[in-house]
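A short write-up of the structure that comes next.
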Amino acid sequence: MIPHSRPSVDKKDIEAVSGVIRTGQIAQGPEVEKFEKTLASYIRVKGAVALSSGTSALHLSLLCLGIKEGDEVIIPSYTCSALLNSVMATGAVPRFADIERETYNIDPYIVEDYLRKRRKSRVRAIIVVHSFGQPADIDAFLYISDKYNIPVIEDSAQALGATYKGRMVGSYGLVSILSFYATKVITTGEGGMIISDSSDIIKKAKDIREYDEKESFKLRYNYKMTDMAAALGLSQLKRLPSFIKRREEIARIYDTTLKRDERRGKGIYYRYILETSHLERFIRLMEKDGISCRRPVFKPLHYYTGEKGYHNTQLSWKRSISIPIYPGLTGKEIRKISDSLKRYKELITW
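Residue numbers (my numbering): 10 to 359.
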């Protein structure tokens, strides 16, 4: 079975982690600091804070912005439940927004319409997710941010290395987050990071991520990254350009197989999305051929809260399928996937 996702770990990655283990400094230490500085330089922001997960990065981002009980945070419904968990962990109220059908990203026009109609709302942040490696319409959200004085958090968990108008995704928001989970663009096993040009946010995040040996008490967390994880991240980061290039190469093969002349924007192809009106059947047929395919989002967030509406989100969830696309795919595996795509092409609507 060709798995839907698979981390790309090589001998150099293993050696990097082994080297840290041999030093005896395996918890947060110099490798974490080096990883922070290297990634901040790569994204071209002033600072970064390495953390235990992307979810902890989301949570701390909200706390650093002063989000508290009763505040509202706008998030897309068509995304990972980590956003819902993080918002609710602060006591804030999640306000869901629908997506654009073309990009699967949060729709800025719907967000502004909500803000325009609810002048007395308590929206204190907007989390903009770059879904599946495809940059969202950052200019539109920066306009909204300035107009309504609401900070933007960029969720770049699936888009490390993507660019928007010549600048790295993650360099636009007041604060941005990354994830290094096993199946992300680069991995530390588990891990995440906050990045920002705000020295105040970086200072707050570093304070809150660990609770011990503080002069005064306030609620803090154990959200630290280990040096073992950071060493793996540094090793993986060196290969990020080749990872992105390989994803693009595989995407072109799939495009040729499906005779796709039109692309939905430019991204790094964290996911390659198909749409079908026969979703469950398509999944079964591909699995029968030894290929694991999945919905790119397990369940829209508004399903958990029982809310109605969100037409584009529901349509995307009912029709969208993610097929394997990651650097570790072999030529033989890619040919196998392409052959199956040809075989079931009549089921694919886009």
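All C-beta atoms, glycine included, are put in the ideal place defined by N, C-alpha and C.
Owing to the predicted nature of the structure, the values given are computational and were not obtained by experimental measurement.
Exposure label - D22; buried when at least 16 CB within 10 Å
buried
Look at G299 and A238 and say whether their C-beta atoms are less than 7 Å apart.
no
Might you give, ordered along the chain, the residues of its own chain that have their beta carbon closer than 6 Å to the beta carbon of A98, omitting 5 neighbours on each side?
H68
Would you grab the beta carbon distance between Y312 and L93 for me? Rounded to a whole angstrom, and I think it's under 8 Å.
11 Å between Cβ atoms; not a contact.
Which residue from Y319, R328, P336, Y353 puts its Cα closest to that of P85?
Y319
If I measure Cβ to Cβ from V120 and keep anything under 8 Å in the same chain, skipping five residues before and after, which residues do I get?
Taken in chain order, the residues that qualify are I83, A106, I135, F150, I153.
Residues of its chain near V54, where Cβ-Cβ distance is below 8 Å and the 5 sequence neighbours each way are ignored
Only G179, S180, S185, I204, S205, D206 meet the Cβ criterion.
Nearest to G201 (by Cα), restricted to the options L228, Y220, G242
G242
Would you kindly report the start and end of the unbroken beta strand (DSSP E) that includes M97?
Counting along the chain, M97 falls outside any beta strand (DSSP E), though it belongs to the alpha helix (DSSP H) covering 91-98.
Can you check whether the CB of I195 is closer than 7 Å to the CB of R133?
no
Do P305 and T322 have their beta-carbon atoms positioned less than 7 Å apart in this structure?
no
Are three or more beta carbon pairs between the segment 337-349 and the segment 260-271 nearer than 8 Å?
yes
Residues near A101 by beta carbon distance below 6 Å, same chain, minus five either side
I76, D80, V82
Can you list, in chain order, the stretches of the alpha helix (DSSP H) that have 4 or more residues and sit fully within the segment 166-238?
208-217
Could you tell me which of L338, P16, E109, Q167 sits nearest to D146, measuring between CA atoms?
E109
Let me know the alpha helix (DSSP H) ranges lying completely inside the segment 26-97, each 4 residues or longer, listed in chain order.
39-52, 63-73
Tell me whether Y281 is buried or exposed, calling it buried when 16 or more other Cβ atoms sit within 10 Å of its Cβ.
buried
By the DSSP assignment, the alpha helix (DSSP H) with P103 in it spans what residues?
Per DSSP, P103 belongs to no alpha helix (DSSP H); it is in the beta strand (DSSP E), 102-106.
Excluding sequence positions up to five away, which residues of its chain have a Cβ less than 7 Å from the Cβ of L72?
T99, I217
Opening and closing residue of the alpha helix (DSSP H) in which E342 lies
340-352
A134 in three-state terms, based on DSSP:
Strand, per DSSP.
In DSSP terms, what I357 is bridged to:
T285
T47 versus P117: straight-line alpha-carbon distance, rounded:
32 Å
When the Cα atoms are used, what is the spatial distance from A91 to I334?
C-alpha separation (whole angstroms): 23 Å.
Where does S331 fall in DSSP's three states?
strand
Rounded C-alpha distance that separates F189 from L60
If I take the Cα positions, the gap works out to 10 Å.
Taking only the alpha-carbon atoms, compute the straight-line gap between W326 and E289 and give it to the nearest angstrom.
12 Å
Classify F44: buried if its beta carbon has 16 or more other beta carbons within 10 angstroms, exposed otherwise.
buried
Going by the CB atoms, is the gap between L356 and T285 shorter than 7 Å?
yes
For R255, which residues from the same chain have a beta carbon less than 7 Å from its beta carbon, with the 5 sequence-adjacent residues on both sides left out?
P336
Unbroken beta strand (DSSP E) run spanning D164, endpoints:
161-164
Between K193, A66, K227, K351, which has its C-alpha nearest F252's C-alpha?
K193
Just curious, the alpha helix (DSSP H) that Y157 is in, first and last residue?
147-157
In terms of alpha-carbon separation, which member of S140, K247, L183 lies closest to Y87?
S140
Other residues of its chain near I211: CB distance less than 8 Å, five sequence neighbours each side excluded
K55, G56, A57, V58, I203, S205
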